[in-house]
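4 protein chains.
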Amino acid sequence: MIERNIFKNISPLDHRYSLRKENFEDYSKYLSEEAKIKYQAQVELALVKALAKEGICSFEVVKEVEKAIEELTAEEVYEEEKKTRHNIRALVNCIQRKVSKEAKPYVHFTTTSFDIVDTANSVRYKECAEELILPTLKELQKILMEIALREKDTIQVGRTHGQHAVPVTFGFAVAEYVSRLGNRILAIKESGERLKGKMTGAVGAYNASHLFFNNPETFEAEVLEELGLEASTHSTQIVEPEYLTDFIHALVSGFGVIANFSDDMRHLQRTEIGEVGEYFGKDQVGSSTMPHKRNPINYENIKSMWKEFMPRMMTLYQDQISEHQRDLTNSASSRFIPELIVGFLSSVNRLIRTCRKLVVDQENMEENFNQSKEMIVAEPLYILLASLGHPDAHEAVRKLTLEAQETGQTLRELIQDKEELEAYWQKLNQKQKELLTKPEKYIGIAVQKTEKVVDYWQGILNI
Amino acid sequence: MIERNIFKNISPLDHRYSLRKENFEDYSKYLSEEAKIKYQAQVELALVKALAKEGICSFEVVKEVEKAIEELTAEEVYEEEKKTRHNIRALVNCIQRKVSKEAKPYVHFTTTSFDIVDTANSVRYKECAEELILPTLKELQKILMEIALREKDTIQVGRTHGQHAVPVTFGFAVAEYVSRLGNRILAIKESGERLKGKMTGAVGAYNASHLFFNNPETFEAEVLEELGLEASTHSTQIVEPEYLTDFIHALVSGFGVIANFSDDMRHLQRTEIGEVGEYFGKDQVGSSTMPHKRNPINYENIKSMWKEFMPRMMTLYQDQISEHQRDLTNSASSRFIPELIVGFLSSVNRLIRTCRKLVVDQENMEENFNQSKEMIVAEPLYILLASLGHPDAHEAVRKLTLEAQETGQTLRELIQDKEELEAYWQKLNQKQKELLTKPEKYIGIAVQKTEKVVDYWQGILNI
Amino acid sequence: MIERNIFKNISPLDHRYSLRKENFEDYSKYLSEEAKIKYQAQVELALVKALAKEGICSFEVVKEVEKAIEELTAEEVYEEEKKTRHNIRALVNCIQRKVSKEAKPYVHFTTTSFDIVDTANSVRYKECAEELILPTLKELQKILMEIALREKDTIQVGRTHGQHAVPVTFGFAVAEYVSRLGNRILAIKESGERLKGKMTGAVGAYNASHLFFNNPETFEAEVLEELGLEASTHSTQIVEPEYLTDFIHALVSGFGVIANFSDDMRHLQRTEIGEVGEYFGKDQVGSSTMPHKRNPINYENIKSMWKEFMPRMMTLYQDQISEHQRDLTNSASSRFIPELIVGFLSSVNRLIRTCRKLVVDQENMEENFNQSKEMIVAEPLYILLASLGHPDAHEAVRKLTLEAQETGQTLRELIQDKEELEAYWQKLNQKQKELLTKPEKYIGIAVQKTEKVVDYWQGILNI
Amino acid sequence: MIERNIFKNISPLDHRYSLRKENFEDYSKYLSEEAKIKYQAQVELALVKALAKEGICSFEVVKEVEKAIEELTAEEVYEEEKKTRHNIRALVNCIQRKVSKEAKPYVHFTTTSFDIVDTANSVRYKECAEELILPTLKELQKILMEIALREKDTIQVGRTHGQHAVPVTFGFAVAEYVSRLGNRILAIKESGERLKGKMTGAVGAYNASHLFFNNPETFEAEVLEELGLEASTHSTQIVEPEYLTDFIHALVSGFGVIANFSDDMRHLQRTEIGEVGEYFGKDQVGSSTMPHKRNPINYENIKSMWKEFMPRMMTLYQDQISEHQRDLTNSASSRFIPELIVGFLSSVNRLIRTCRKLVVDQENMEENFNQSKEMIVAEPLYILLASLGHPDAHEAVRKLTLEAQETGQTLRELIQDKEELEAYWQKLNQKQKELLTKPEKYIGIAVQKTEKVVDYWQGILNI
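From first to last, the protein sequence lines are chains A, B, C and D.
In this text, residue positions in the first sequence follow the working numbering: the first is 30, and each later residue adds one.
In this text, residue positions in the second sequence follow the working numbering: the first is 30, and each later residue adds one.
In this text, residue positions in the third sequence follow the working numbering: the first is 30, and each later residue adds one.
In this text, residue positions in the fourth sequence follow the working numbering: the first is 30, and each later residue adds one.
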């Protein structure tokens, strides 16, 4: 039963979230069972290459193994596993069957299963990071940068506690995510590059390889170099778990960043707020205005996926613990790591599609800002009065704002009527006066900061 | 791309752990995407049945819908969803397309998507519990009961802190799991039966159905009765989440019980302990002795699966929170619940297969017990001396055991030499004296308790 | 160093969240270290009571122990523990020191430490549930019920996806939490009552007590009856962990309910929504109007506490696993359970205080509803047209709403102009017509349902 | 109620695990509420220092504030908070009360509460890492290194699946933890150093400070420099959460490493294994032999604490999400971070004390190894035969080991009898032959690797 109707699958990743062919093929290339077996075969190949270099076997063996693994299929290995009841033994048998009698002994020579399994996982996660995860994240980052720059001057009321605070610009708000995502891209990159391999045998002491090599660490380094990896300082039957734990932490905390962005956008789409939305699709004739009502289903989906995958970090932390030179209670659980990566990638890709269509409703954004315009001036007014030595600035401003609310007058108008305050007013410089009359100017350095943040991360990430 | 090579799948549940055809078909029947859509169609059918009973539509409509959903495929619905971008709208369109013009309006009449989705999930999880989860667990329970009774008299040293303590019997040790698993079977049964449906519309106030029914709660009850469900006291767009949360808690805590059993068996299989193992398979010619060394891979696998799935309970707790009459941030995450159920079932089935072959190494068990035989007597000796008024029983026994260790004599022999202690000895009754000379008798009521536990749960669970 | 400045404490529960003296004394009564030791002493007392009943010791011993534990202090036990390095041994020594030579042997007679520890925890959590947790929750429930009834007729727009949907009443929205909290109150009550004790000795087989009792289970039942507990079907050194796991699950899922309520209130307090707030305090002169801006800090605090304590359920699930007759890796972790209970209670008490002052801004609520008034009619119009056989009701209504948006006319007005639709209009009954002209009537049975929900839970919970 | 009997506290950290005065004072210095307030006051001081440098206020103001915060107590601030209901406002009031009228306006000048709170937390966690966490971990690391070197030659059977595998040395086994702990020490160091501060005001755009500074980022940098911090690329009301998330991840994953070590030691102390233990205390007369039975309570405690604190990482991940420029749902939860740090430190300190007394039972270790001595040779024999071209090495060795088991002969003896195998034997080199006759030599490069690992980490960590 190799071919199966995908709707008979259990995991949403294998039916629902695998419908976009182009994306799913990318995921499957690194993260399917087939991919895993291919990477394991690559490690077996790297092994014979190093053996040949060391003069243990001929380069002919390398060619034979190279050819053998090209023909290898996952079905074949699984078929063999029914007999061996051991997945790596099955893989080895399948390769050996395809090579000459002379070559056979060198397949899997001196290694233990987890030399292959752990090393193969490190290679594929590392390559997946370099070739798929990071490029996808950079694509998102690029779009966020564009939005940040495009909207760097768009005044938006800042919000804390869900309450209007002093203003920012929408570009500045997006720059938060440029910075945080940039930071996580670095974390993923660094932790991905640090993933380690091993070729130290059943308990990590090079027991078997030492039968043939005086310096088995050198031999290990040669095998791993073929694969672009280094060895960790120490290993047992398995690579020290912290390297992978760090990598997944980087992904999970990156997931948190896009979940937060999605939450923000969801709330900005609330009927009463209505500050952002999506462009109409092409098929929706002639209009690029925002629809009256549009459910933020993509942002909801991303938040929801985060809730599904974030807790799985607990599995990684539990899998740090393995008795003695290893118990195998991390074997099944570590098979689910690809789910977590696909869940994340799937959400990043969704966010890319959604952000491409993100549109700001300038009118609503301005209207919401105007709702609190006068109150916003209260903060700088209080600070300025205090800095000028007003003995009770906070109380004075509180009264003034109450009066403003009741009379509908602006604070500036009210100050003119108060002799006491007018004296302070005269001491203000031009910039300060302007801010008190034009609250939309009270955005600090939001514009410059937005540019600077984008510029900084463009440089760091080279995008 | 409906048919797919399973090794291109991401989830181990959809390649590795779906290789046992018979099990996977069971899982897929309730827990695949296809199954979900079938259950949703059943809810649409129950709806028109109730409408017909209420005289809103004719019974002819019921027949049409019944026929329509028989022909319905998941592919078709997904194909339609590409246009509607809404899964339940797609389902409704597919059904409507198959019925007469007259019947069309009654499909999905007055309901909102989540009337269908949540109700369908409750039915399928409830039926999955009744028809698959509980029978599977009872099968395991039956095997554990058999082992408990079979080994009720087999002396095993009790262990706390991993240290030898006073003895039990192996049957008594297994009876722990009979009791705990029995308790969880009840919890799963009860929480499964309590799963609720709803037919209250977009925000839970029966807004739409109230257009046609004076008492829409009665109508709701009729629809749900068709499906064997009841409504919760209140619902919004969704059923109150606590019913499902309780059900999954019951499963997750049930998973904890079998994980603990597996951990125990793993450790009892340690080389130095070697108290349990597995029978040789049929193909292993002529021997039913225990292999010298057998890796406890099945127990390891179960523990590992528990580490993978237990943390997912966090998703359920997070999904309790949904803003106002609902945000949709529980939509994607709740699609992964079937993974958790399959993960659990897959482990229970593995444990069934493994326990069927569980064999006790009587010799090792006895030898391990003998290792601490003499020390074990220290506890009852101390208690008895104290009860007889010995002024410093603890110290007296401590010295005695040190002497026993040094001289190799038994405590009984040593007591005879100590005049002071011999006096106390004479005051003991027959049973007490026997226990002090035969430590293997110092098992309390382990045997009777084992029988009683098995008997109790047989009665409760009717197995 | 027994007396300590509380600000030197590490846990916020022991400085910040223990400032309300009346609450903290309640918590401390059940959940401090002192309380734990007191409950353990109670179990020791129950033990000698049962011994006296069985004729093993005299009733004089009971009196002595009763008096001894009255005088017992936590300091004393901790002082003793410095020597014994074993907390229960320390407790026993302290009691023995206070009784006569004759009574000494009966203190802790035949029991193991965890007979005392686990039983004491079950008693105190059970009593804490009955005497503190449930009354506190019922107090909150009562307030929610009052709000639900008070606001049962207050129209509020229903919200899904954060978008306006069809209307409910605010009372109906609160009734959701009456129902969900009611459900959790039951779950806490039931799981609290099910907490079990044990008196089965070091490995659960009654090894020591069987030296003196032919039926040690009867003896166990007598001890536990003194404490209002029952024994579980089976125990090892410890009570089966699932009873406590269920109890904490009930609390954690109850925490989720109030976190959800708090999230709703937080969002309803957003500047742009402004539907709920708090009354001014007494000291705030002369006004009961809502403040211009009020940060929802209490609701934020509750959500935040939930984020802190919810994940701790993972500890309970991990503590289900204990090797053989017990490893002690659940010992330290189970000492933190009181933190979780206090965290929950503290949040419930905060919510009680906050809800007492909850005030609805009728004006904003109406204004927000009006914002979508016309669009709301679209749903019933579509449903009614469809039910009357309109061949393309959805499209017809879509066009109509677009026209309404552009022209500013109501749907009712537009229908009159469309000959085709006017024909359907005539077929509607009075109630249906009214709903289409008065969207505020389109609330289904929100009012009755609110009353019913409150009534139901009043009956069930007897409040 | 400032002074309180510690046994009335709720958290075990504030009664049980704070009994070692010397340790608790260390923890409290950084991690109590008092410490938090002191650090916040330091940030207020750094602020006026920068203001003075910038010429905004005089250096006299700095002196006044410096003096004021010296006198400041936590009680005072909490007393004030009762009025202000805002903790930072309370702090500011308390400081202002102690300074001259002229100085008052410069206290807290242009900043928002979280400029102070987040910056103060970063300083104290950073200093706590440098001054307390890292030194404590290095102390542990030093002890582990000593054990590794001391036991580098002590043969121990390697264990995978809890089954005997090929041998290592005990020093090599400990070197695993030297390497993993070293790796985590680096991770804690790096992530601690990266903790950031901010001085960007209420929404992160420097709105208020820009009133006075043309380049408020420079001003921010000056304040932070006083505290040894840098600013993050972007902030809102709060510092980007990922820096703290990474730091706590480093701690939590470090906790995982010592939990794993503790699990290993626990199991090596099992009665049947008995390979490690603790020295007797001084008061235990005259003996340094291992006690017959010693419960591994310290290792159990560490594992248990890990189960308590590891899940709290979920809180950090949830706290990554904060709406817009901030919601406050991370406020209460972040107050519990000190608990996590103290939980970890407390376990590290316990491990230090325990490892100081760790003793190897050479006899048991050798005996356990001998139990599988002959079987161990099977692996190299199989590998060597295969490398020499034996057509069916695996089967040949399997038969040989069965024969060895039955006859009690060694593999070497049996080979001599088999003509076919004897031929291969002759082709082996001296080293290979030796390994097959002396299994205790089959430890690969365990000894050199141990030395190398210790040496490497000594260099990196400079200890």
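Every residue gets a Cβ at the ideal spot worked out from N, C-alpha and C, and that includes glycine.
message: Starting from N34(B), trace the beta strand (DSSP E) in both directions and tell me its first and last residue.
response: E32 to N34
query: Along the stretch 180-197 of chain C, what residues have a CB closer than 8 angstroms to any CB found in chain B?
result: G187, R188, T189, H190, G191, A194, V195, P196 and V197
message: Counting only C-beta atoms, is E249(A) closer than 9 angstroms to chain B at any point?
response: no
task: Just the C-alpha distance for E109(B) and A119(B), rounded to the nearest angstrom, thanks.
output: 5 angstroms
- prompt: With distances taken between CB atoms, is the gap from P196(B) to A234(C) smaller than 9 angstroms?
  reply: yes
query: How would you write the range of the alpha helix (DSSP H) that P409(B) sits in, first residue to last?
result: A407 to S416
message: Using a Cβ-Cβ distance cut-off of 9 angstroms, determine whether I208(B) contacts chain C.
response: Per the sequence shown, residue 208(B) should be read as Ser rather than Ile. Output row for S208(B): interface = yes.
Secondary structure of T300(D), DSSP reduced to three states: coil
task: Give the single residue among S220(D), S376(D), N324(D) and L240(D) whose Cα lies nearest to the Cα of E463(A).
output: L240(D)
message: Can you give me the C-alpha to C-alpha distance between F276(C) and T141(A), rounded to a whole angstrom?
response: 46 angstroms
task: Would you kindly check if the distance between the Cβ of K37(A) and the Cβ of E62(B) is under 9 angstroms?
output: yes
CB contact check: S47(B) to chain A, cutoff 9 angstroms: yes
message: Strictly below 8 angstroms CB to CB, what residues from chain D border V281(A)?
response: Y346
field: For I489(B) and Y367(A), the rounded distance between their alpha carbons
entry: According to the sequence displayed, residue 367(A) carries Pro and not Tyr. Going from the Cα of P367(A) to the Cα of I489(B) covers about 42 angstroms.
query: Among N399(C), M342(C) and E307(C), which residue has its Cα nearest to the Cα of C384(C)?
result: E307(C)
task: Rank W486(B), Q477(B), Y485(B) and I492(B) by C-alpha distance to the C-alpha of N243(C) and give the top, closest one.
output: Q477(B)
task: If I'm right that G200(C) touches D182(C) with Cβ under 8 angstroms, what's the distance once you round it to whole angstroms?
output: 7 angstroms
- prompt: Going straight from the alpha carbon of C123(B) to that of Y68(B), what length do you get?
  reply: 15 angstroms
query: Using a beta-carbon distance cut-off of less than 9 angstroms, what residues from the stretch 214-232 of chain B approach chain C?
result: A216, T229, G230, A231 and V232
Sheet register partners of S264(A) (DSSP bridge): V268(A)
query: Closest Cβ-Cβ distance between G285(A) and chain D: below 9 angstroms?
result: yes
task: Scan the stretch 322-356 of chain D for residues whose Cβ lies nearer than 9 angstroms to a Cβ of chain B and list them as they occur along the chain.
output: K322, R323, N324, P325, I326, E329, P340, M343 and Q347
- prompt: Within this structure, are the beta carbons of Y46(C) and L161(C) separated by less than 9 angstroms?
  reply: no
- prompt: Hey, quick one: how far does the beta strand (DSSP E) through E307(D) stretch, first residue to last?
  reply: V305 to E307
message: Could you compute how far the alpha carbon of S208(A) sits from the alpha carbon of R126(B)?
response: 50 angstroms
- request: Enumerate, from N- to C-terminal direction, the unbroken alpha helix (DSSP H) stretches of 4 or more residues contained entirely within the stretch 417-489 of chain C.
  value: 422-436, 440-446, 448-456 and 459-466
The stretch 353-362 of chain B touching the stretch 324-333 of chain A, judged by at least three CB pairs closer than 8 angstroms: yes
message: I need the straight-line Cα distance from L256(D) to Q170(D), nearest angstrom please.
response: 29 angstroms
field: Delimiting residues of the alpha helix (DSSP H) encompassing A250(B)
entry: P245 to E255
field: Buried or exposed (CB count within 10 angstroms, at least 16 for buried), K130(A)
entry: exposed
task: Say whether the stretch 280-289 of chain C touches the stretch 370-379 of chain C, bearing in mind that this needs 3 or more beta-carbon pairs closer than 8 angstroms, one atom from each stretch.
output: yes
message: According to DSSP, is I492(C) part of a helix, a strand, or is it coil?
response: coil
query: Across which residues does DSSP place T198(B) in a beta bridge pair?
result: I184(B)
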